[in-house]
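Enquirer:
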Amino acid sequence: MTEKILHNNPHPLGARIEREGVRFSFVSRSSACGILLYDSRTGRLRRRIPFTEKERIGHVYCKTVTDMEPASSTYLFYEGDRIIPDERARAFSHKVSYGAERDAEDMKASLVTGEFDWEEDSFPRIPYNKVIAYCMHVRGFTKHASSGVKHRGTFAGIAEKIPYLKEIGITTIELQPAYEFAEIPFKEERPKQPRMTEAGILEEAGQQKINYWGYKKGYYYVPKSAYAVSKDAGTEFKELVRALHANGMELVMQFYFPEEVKHSEIPEILRYWVLEYHVDGFHLLGGNLPAESVAADELLADTKIWYYSFETDRLYGRSEHPRYPHVAEYNDAWYYDMRRFLKGDGGMLGSVFYHMRHIPEKAGCIHYLTNYYGFTLADLVSYDYKHNEANGEDNRDGNDDNCSWNCGEEGRTRRQTVRQLRLKQMKNALCMLMLSQSTPLIFMGDEFGNTQKGNNNPYCQDNATSWLDWGGIRKNGEILSFWKMLADFRRKHPILRPGRELRQTDYIACGYPDLSYHGRNAWCPDTEAQFRHLGILLCGKYTKDAEIQEDTFIYIAMNMHWERHSMALPRLPKGEVWEVAFSTESAEDRKKGGKETEDGSELVRMIPPRSVAVYIGVPG
151 MTEKILHNNP
161 HPLGARIERE
171 GVRFSFVSRS
181 SACGILLYDS
191 RTGRLRRRIP
201 FTEKERIGHV
211 YCKTVTDMEP
221 ASSTYLFYEG
231 DRIIPDERAR
241 AFSHKVSYGA
251 ERDAEDMKAS
261 LVTGEFDWEE
271 DSFPRIPYNK
281 VIAYCMHVRG
291 FTKHASSGVK
301 HRGTFAGIAE
311 KIPYLKEIGI
321 TTIELQPAYE
331 FAEIPFKEER
341 PKQPRMTEAG
351 ILEEAGQQKI
361 NYWGYKKGYY
371 YVPKSAYAVS
381 KDAGTEFKEL
391 VRALHANGME
401 LVMQFYFPEE
411 VKHSEIPEIL
421 RYWVLEYHVD
431 GFHLLGGNLP
441 AESVAADELL
451 ADTKIWYYSF
461 ETDRLYGRSE
471 HPRYPHVAEY
481 NDAWYYDMRR
491 FLKGDGGMLG
501 SVFYHMRHIP
511 EKAGCIHYLT
521 NYYGFTLADL
531 VSYDYKHNEA
541 NGEDNRDGND
551 DNCSWNCGEE
561 GRTRRQTVRQ
571 LRLKQMKNAL
581 CMLMLSQSTP
591 LIFMGDEFGN
601 TQKGNNNPYC
611 QDNATSWLDW
621 GGIRKNGEIL
631 SFWKMLADFR
641 RKHPILRPGR
651 ELRQTDYIAC
661 GYPDLSYHGR
671 NAWCPDTEAQ
681 FRHLGILLCG
691 KYTKDAEIQE
701 DTFIYIAMNM
711 HWERHSMALP
721 RLPKGEVWEV
731 AFSTESAEDR
741 KKGGKETEDG
751 SELVRMIPPR
761 SVAVYIGVPG
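For the sequence shown, this note's numbering assigns the number 151 to the initial residue and increments by one for each residue that follows.
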């Protein structure tokens with residue numbers, strides 16, 4: 151075996167097969183560093199190869215090993231007596247079971263020698279106004295026995311569920327961290343004193359608490375091996391992406407970058423996942439991220455980039471409207487404001503008016519009522535307080551301000567009135583989500599009322615608390631049917647997803663503005679702080695797409711008050727009448743009233759307490 155000193159560019163870092171051999175590049179501030187080569191079949195150390203001073207440029211050591219068989223070799227780096235896995239490895243040889251003990255020596259890297267057949271794969275590139283996103287944890291999505299898949303808790307398990315995801319209208323899945331990370335710290339890395347991590351996780355001395363979510367620094371170039379059926383996680387992940395694309399669906403990955411990750415490395419990592427794994431987008435998490443630099447990267451110009459805010463004028467220029475805006479803001483303000491409106495807080499109508507129509511001029515906007523942090527949808531209407539005792543932190547962890555309401559009783563209940571109200575509140579929440587103008591995102595299982603039993607921070611719960619219980623489909627079929635109806639309704643009506651913020655003016659002179667607000671009287675919204683009801687009129691004459699040449703009129707009546715309120719619907723053009731498309735009203739609500747009356751130029755409808763009713767214009 152021979153080595154060759156290189157005097158050219160050592161990038162990219164890590165190991166790379168080249169014509170002359172395998173080039174190793176390693177960052178170290180120690181002069182006593184080098185490469186450990188192992189036999190991939192036996193795991194035995196073949197050779198220890200030190201770097202020399204002549205092979206150093208700055209803090210980067212680079213050497214080419216010319217007499218080496220890549221397919222039968224694995225490697226690690228070392229500094230003195232310390233073994234260091236390659237942070238830029240493209241694959242690992244050893245598959246570690248989820249939650250199992252591991253140390254640095256278990257992280258031997260292997261060299262990728264084969265080619266994947268992408269067949270005729272192409273990126274769907276779904277515009278934001280047609281996206282319905284679904285956030286999931288790879289393991290949690292199918293690990294529960296009720297999932298019914300062959301390969302539970304894996305990338306292959308997700309692939310088995312693609313027909314289900316299509317059935318419920320999902321276009322884009324968002325994965326919590328799915329790159330390689332140690333869910334239990336290496337033995338040598340466990341804290342000797344209690345400390346709070348950058349991700350907000352309390353680590354006790356010597357603890358082995360599982361980091362189920364994965365928000366920590368990882369091996370960013372490799373899909374997580376414990377999420378794969380076989381040793382070849384890379385191939386399994388590619389098969390998932392290829393299957394999603396074949397079904398017209400996208401995959402967006404969350405990447406958590408702590409401040410220690412250099413800004414220059416982040417675009418390189420993301421480019422690799424686009425080129426190697428055909429990933430459709432990224433949700434950037436962590437501190438001090440170069441979001442604008444990533445968004446401005448030419449290779450990522452068609453790749454979805456999600457972050458909390460962007461200076462879009464810097465990206466696109468002040469006068470240039472982007473042809474295909476690929477960035478989108480992750481909207482926590484929507485999350486809190488709409489939760490408060492849902493539970494009946496006063497003074498929220500101004501925020502609701504804004505959130506229901508808001509689309510940034512040069513970016514997308516991802517809105518959601520639930521996510522991996524905080525309550526699930528079912529828990530949002532079942533708990534006033536977090537119940538995180540199982541996390542082992544005396545219920546001190548997690549958000550105390552959940553903007554939730556238990557509907558009259560904390561947690562599980564047999565009271566039918568409470569159960570019915572919770573069902574209605576979940577339907578109301580889904581209406582807010584799917585009838586707003588920007589891009590909706592739902593957390594896994596919320597479509598059928600999955601519960602985490604009041605735990606709003608299950609970061610360490612690799613168990614039934616976080617695993618999706620698919621039995622909820624049978625138990626809560628009514629809410630799932632309602633979700634599917636909403637997804638279909640949104641798809642069929644482009645006025646609900648216009649792709650740009652509506653102007654609230656009659657700029658085509660048809661007699662109606664594109665969007666208008668109403669209240670007890672048509673054309674006159676009730677904006678005072680004590681009111682908790684509103685009406686929104688959308689005129690379909692302002693939108694066209696390839697499928698629907700002209701949409702209809704849609705009127706959305708929302709009453710989150712605990713009392714009934716009359717709402718006025720404006721008169722439609724001659725030859726059209728209002729018809730109820732759907733409502734969250736219960737059978738009991740309809741018994742108590744909800745009659746329509748004519749009042750001059752208006753149709754007055756009595757909306758029951760905590761209800762949403764949607765009307766459409768039809769010939770009549």
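In this text, a Cβ means the ideal position worked out from N, Cα and C, and glycines have one as well.
Closer than 6 Å by C-beta to Asp547: which residues in its own chain qualify, once you throw out the five before and the five after it? Chain order, please.
Expert: The residue you call residue 547 lines up with position 397 of the sequence shown. Closer than 6 Å at the Cβ level, and outside the excluded window around Asp547, lie Asn538, Asn541 and Asn607.
Enquirer: Assuming Leu315 and Met399 make a contact with CB atoms under 8 Å, what is their CB distance in whole Å?
Expert: The sequence position of residue 315 within the sequence shown is 165, counting from 1. The sequence position of residue 399 within the sequence shown is 249, counting from 1. Sure, about 7 Å apart at Cβ, within 8 Å.
Enquirer: Determine contact between the region 632-641 and the region 485-494, defined as no fewer than three beta-carbon pairs at a distance below 8 Å.
Expert: Not touching, per the Cβ criterion.
Enquirer: Could you tell me the distance, in whole angstroms, from the CA atom of Leu688 to the CA atom of Ala478?
Expert: Working through the sequence shown from its first residue, we reach residue 688 at position 538. Working through the sequence shown from its first residue, we reach residue 478 at position 328. C-alpha separation (whole angstroms): 24 Å.
Enquirer: Which residue wins for smallest C-alpha separation from Asp596, given the options Thr589, Glu415 and Trp620?
Expert: The sequence position of residue 596 within the sequence shown is 446, counting from 1. Here the closest residue by C-alpha is Trp620.
Enquirer: Measure the C-alpha to C-alpha separation of Gly744 and Leu435 and round it to an integer number of angstroms.
Expert: Here residue 744 is taken as the residue at index 594 of the sequence shown, counted from 1. Here residue 435 is taken as the residue at index 285 of the sequence shown, counted from 1. Residue placement at Gly744 cannot be trusted, given a pLDDT of 47 that sits under 50; the coordinates are not used to answer.
Enquirer: Are the beta-carbon atoms belonging to Val146 and Arg240 less than 7 Å from one another?
Expert: Residue coverage of the chain in this structure runs from 151 to 770, which leaves residue 146 outside it and unanswerable.
Enquirer: Can we say the region 295-308 touches the region 274-282, given the rule of at least three CB pairs closer than 8 Å?
Expert: Short answer: they don't touch.
Enquirer: Please report the distance separating the alpha-carbon of Ile282 from that of Thr453.
Expert: Residue 282 sits at position 132 when you count from the first residue of the sequence shown. Residue 453 sits at position 303 when you count from the first residue of the sequence shown. Rounded to whole angstroms, Ile282 to Thr453 spans 16 Å at the Cα level.
Enquirer: Can you tell me whether DSSP reads Asp189 as helix, strand or coil?
Expert: Position 39 of the sequence shown, counted from the start, is the residue given in the question as residue 189. Reduced to three states, the DSSP call for Asp189 is strand.
Enquirer: What are the boundary residues of the beta strand (DSSP E) that Ile233 is part of?
Expert: As a position in the sequence shown, residue 233 is number 83, starting the count at 1. Looking at the DSSP string, the run of the beta strand (DSSP E) that includes Ile233 is Arg232 to Ile234.
Enquirer: Could you give the first and the last residue of the continuous alpha helix (DSSP H) run that contains Pro720?
Expert: The residue given as residue 720 occupies position 570 in the sequence shown. First-last for Pro720: His715 to Pro720, but that is the beta strand (DSSP E), not the alpha helix (DSSP H).
Enquirer: Which residue spans inside the region 564-620 form an unbroken beta strand (DSSP E) run of at least 3?
Expert: Qualifying beta strand (DSSP E) stretches, in chain order: 589-593.
Enquirer: In terms of residues, what are the limits of the alpha helix (DSSP H) holding Met635?
Expert: Working through the sequence shown from its first residue, we reach residue 635 at position 485. Segment Gly627 to Lys642, the alpha helix (DSSP H) holding Met635.
Enquirer: Indicate the three-state DSSP secondary structure (helix, strand or coil) for Pro417 in the structure shown.
Expert: As a first step, residue 417 must be located in the sequence shown, where it is residue number 267. DSSP places Pro417 in helix when its eight states are reduced to three.
Enquirer: Looking at Gly303 and Thr292, is the spacing between their C-beta atoms short of 7 Å?
Expert: On the sequence shown, residue 292 is found 142 positions in, with the first residue counted as 1. On the sequence shown, residue 303 is found 153 positions in, with the first residue counted as 1. The answer is yes: Cβ separation under 7 Å.
Enquirer: Enumerate in chain order the residues of its own chain whose CB-to-CB distance from Thr462 is below 6 Å, with the five nearest sequence positions on each side excluded.
Expert: What you label residue 462 is simply residue 312 of the sequence shown in a count that begins at 1. Lys512 and Ala513.
Enquirer: Locate the beta strand (DSSP E) running through Lys213, then write down its first and last residues.
Expert: Counting from one through the sequence shown, the residue named residue 213 turns up at place 63. Run containing Lys213: Val210 to Val215, per the beta strand (DSSP E) assignment.
Enquirer: Quick one: grab the DSSP three-state call for Trp484.
Expert: Here residue 484 is taken as the residue at index 334 of the sequence shown, counted from 1. Note: Trp484 maps to helix in three-state DSSP.
Enquirer: Distance check for Tyr518 and Leu591, CA to CA, integer angstroms please.
Expert: Position 441 of the sequence shown, counted from the start, is the residue given in the question as residue 591. Position 368 of the sequence shown, counted from the start, is the residue given in the question as residue 518. Straight-line Cα distance between these residues: approximately 5 Å.
Enquirer: Going by DSSP in three states, Gly368 sits in which element: helix, strand or coil?
Expert: The residue labelled residue 368 in the question sits at position 218 within the sequence shown. Three-state DSSP puts Gly368 in coil, outside helix and strand.
Enquirer: If you follow the beta strand (DSSP E) that Ala445 is in, where does it begin and where does it stop?
Expert: Counting from 1 along the sequence shown, the entry for residue 445 is found at position 295. Premise fails: Ala445 lies in the alpha helix (DSSP H), Ala441 to Ala445, not in any beta strand (DSSP E).
Enquirer: Using the DSSP secondary-structure output, state which residues sit across from Gln404 in a beta bridge.
Expert: The sequence position of residue 404 within the sequence shown is 254, counting from 1. Gln404 pairs with His433.
Enquirer: Measure the alpha-carbon distance for Glu219 versus Phe242 and round it to whole angstroms.
Expert: Mapped onto the sequence shown, residue 219 falls at position 69. Mapped onto the sequence shown, residue 242 falls at position 92. Going from the Cα of Glu219 to the Cα of Phe242 covers about 16 Å.
Enquirer: Taking the alpha-carbon of Trp712 as reference, which of Lys724, Pro720, Ala718 and Pro759 has the nearest alpha-carbon?
Expert: Position 562 of the sequence shown, counted from the first residue, corresponds to residue 712. Residue Pro759 is the option with its Cα nearest to Trp712.
Enquirer: Measuring CB to CB, does Trp728 end up less than 7 Å from Tyr765?
Expert: The sequence position of residue 728 within the sequence shown is 578, counting from 1. The sequence position of residue 765 within the sequence shown is 615, counting from 1. Contact: yes.
Enquirer: Quick check: Asp701 and Pro644, are their CB atoms within less than 7 Å of each other?
Expert: Along the sequence shown, one-based indexing puts residue 701 at 551. Along the sequence shown, one-based indexing puts residue 644 at 494. Cβ distance < 7 Å, so Asp701 and Pro644 count as in contact.
Enquirer: From which residue to which residue does the beta strand (DSSP E) around Val727 run?
Expert: Walking along the sequence shown from the start, residue 727 turns up at place 577. Note, Val727: beta strand (DSSP E), Glu726 to Ser733.
Enquirer: Thinking C-alpha only, which one of His428, Pro720 and His715 is nearest Tyr705?
Expert: Position 555 of the sequence shown, counted from the start, is the residue given in the question as residue 705. Nearest C-alpha to Tyr705: Pro720.
Enquirer: To the nearest angstrom, report how far apart Gly750 and Asn671 are at their CA atoms.
Expert: By 1-based counting over the sequence shown, the position of residue 750 is 600. By 1-based counting over the sequence shown, the position of residue 671 is 521. Reliability fails at Gly750, whose pLDDT of 49 lies under 50, so the model's placement of it is uncertain and the value that follows must be treated cautiously. Rounded to whole angstroms, Gly750 to Asn671 spans 11 Å at the Cα level.
Enquirer: Between which residues of its own chain and Pro408 is the CB-CB distance below 7 Å, once the five residues before and five after are set aside?
Expert: Your numbering for residue 408 matches position 258 in the sequence shown. Hits under 7 Å: Glu348, Lys367, Gly436 and Gly437.
Enquirer: Return helix, strand or coil for Tyr278, following the three-state DSSP convention.
Expert: Counting from one through the sequence shown, the residue named residue 278 turns up at place 128. In the structure shown, Tyr278 sits in a helix (DSSP, three-state: H, G or I).
Enquirer: With a cut-off of 8 Å on the beta carbons, I'd call Gly184 and Thr216 a contact; round off their distance for me.
Expert: Sequence index remark: in the sequence shown, residue 184 carries index 34 (1-based). Sequence index remark: in the sequence shown, residue 216 carries index 66 (1-based). The pair is not a contact, with the Cβ atoms about 16 Å apart (cut-off 8 Å).
Enquirer: Determine which residues share a DSSP beta bridge with Glu330 and list them.
Expert: Against the sequence shown, residue 330 aligns to sequence position 180. Partner(s): Tyr369.
Enquirer: Could you work out which residue in Arg421, Gly690, Phe227 and Arg682 is closest to His715 when comparing CA atoms only?
Expert: For the purposes of this step, residue 715 is taken as the residue at position 565 of the sequence shown. Of Arg421, Gly690, Phe227 and Arg682, the residue nearest in Cα terms is Arg682.
Enquirer: Relative to the C-alpha of Ala378, which candidate in Gln358, Tyr329 and Val411 has its C-alpha closest?
Expert: Position 228 of the sequence shown holds residue 378. Considering only alpha carbons, the answer is Tyr329.
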